[in-house]
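Colleague: Sharing a structure with you now.
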């Protein structure tokens, strides 16, 4: 849960430090500009708040790893919800308004996470998790989206090293195998989720795993 806080704080700080012109740059999410991704983070923060106040009585059905649904089809940006995010982001008109909203809702989500009992059972997406597992799953969400945020912004702060390491560990558990030791944590996440194609040498090192990539998480 501490890692959730560190990863989320770093991501929000990275958005807060963006220049206005950065919001019009492409992000690492197909079909989304940086402003669209920032708007998505507002929705993510709302989801965290909603989930943490949705207690469940039954036994957990998922944990931090099995929370994720895995597909082999990368998003195109044409999904109706993805398209809605683009329209919402455009409605802000000025980057400072989007920054303000993310800081406002995002700070509340961060406080709720710090106050949450890790053993509390919560419901989301028709499943039950402990709050601790739910927040741990979001370390992967924050880390991947932090990489998306800075994908075309040289010099922007990258995700915390511990968040990258934990996210790689979760992705390897999802994959059921480890990525080659020569892959940095960042490379494993970008290549593993289809955000970047492997170099020829990397593809050779991946071996049979290459045929199972990308792991598209949702």
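Residue numbers (this note's numbering): -15 to 202. Think of the CB as a built atom: it goes at the ideal place given N, C-alpha and C, for glycine as much as any other residue.
Using 7 angstroms as the threshold, is the C-beta distance between residue 151 and residue 127 below it?
Modeller: yes
Colleague: As a quick exercise: from 30, 59, 111 and 49, pick the residue whose alpha carbon is nearest that of residue 205.
Modeller: Because the chain is modelled from -15 through 202, residue 205 falls outside the range shown and cannot be assessed.
Colleague: Taking residue 88 and residue 11 to be in contact with their CB atoms under 8 angstroms, please state how far apart those CB atoms are, rounded to whole angstroms.
Modeller: That belief does not hold up - the Cβ atoms of residue 88 and residue 11 are roughly 21 angstroms apart, past 8 angstroms.
Colleague: Please go through the segment 128 to 202 and give each complete alpha helix (DSSP H) segment of 4 or more residues, from N-terminal end onward.
Modeller: 145 to 159, 169 to 176 and 184 to 190
Colleague: Suppose contacts are defined by Cβ-Cβ distances below 7 angstroms. Is residue 82 in contact with residue 22 by that definition?
Modeller: yes
Colleague: Report back the beta-carbon spacing between residue 199 and residue 54 to the nearest angstrom; my notes put them in contact at under 8 angstroms.
Modeller: The Cβ separation is near 6 angstroms, so the contact holds.
Colleague: Kindly indicate which residue of -13, -15, -8 and 52 has the alpha-carbon position closest to the one of residue 129.
Modeller: Per the Cα distances, -8.
Colleague: Output the boundary residues of the alpha helix (DSSP H) element that contains residue 109.
Modeller: Counting along the chain, residue 109 falls outside any alpha helix (DSSP H), and DSSP gives it neither H nor E.
Colleague: With a threshold of 16 other CB atoms inside 10 Å of the CB of residue -3, please say whether the residue is buried or exposed.
Modeller: exposed
Colleague: Within the same chain, show all residues whose beta-carbon is closer than 8 angstroms to that of residue 76, passing over the 5 residues directly before and after it, in chain order.
Modeller: 19, 23, 82 and 85
Colleague: Would you decide whether residue 95 is buried or exposed? Buried here means 16 or more other CB atoms lie within 10 Å of its CB.
Modeller: exposed
Colleague: Looking only at C-alpha atoms, which of 47, 146 and 36 sits nearest to residue 157?
Modeller: Looking at the Cα atoms, 47 is the closest of the given residues.
Colleague: Just to confirm the assignment, what range does the alpha helix (DSSP H) spanning residue 26 have?
Modeller: 18 to 36
Colleague: Got a sec, what are the start and stop residues for the alpha helix (DSSP H) residue 93 sits in?
Modeller: From DSSP, the alpha helix (DSSP H) with residue 93 extends over 79 to 99.
Colleague: Sort 123, 196 and 160 by Cα distance to residue 144 and report the nearest one.
Modeller: 123
Colleague: Using only the alpha-carbon positions, how far apart do residue 114 and residue 163 sit?
Modeller: 28 angstroms
Colleague: Once the 5 residues before and after residue 92 are set aside, which same chain residues still bring their CB inside 7 angstroms of it?
Modeller: 33
Colleague: Going by DSSP in three states, residue 64 sits in which element: helix, strand or coil?
Modeller: Helix.
Colleague: Tell me the rounded alpha-carbon separation between residue 116 and residue 148.
Modeller: 18 angstroms
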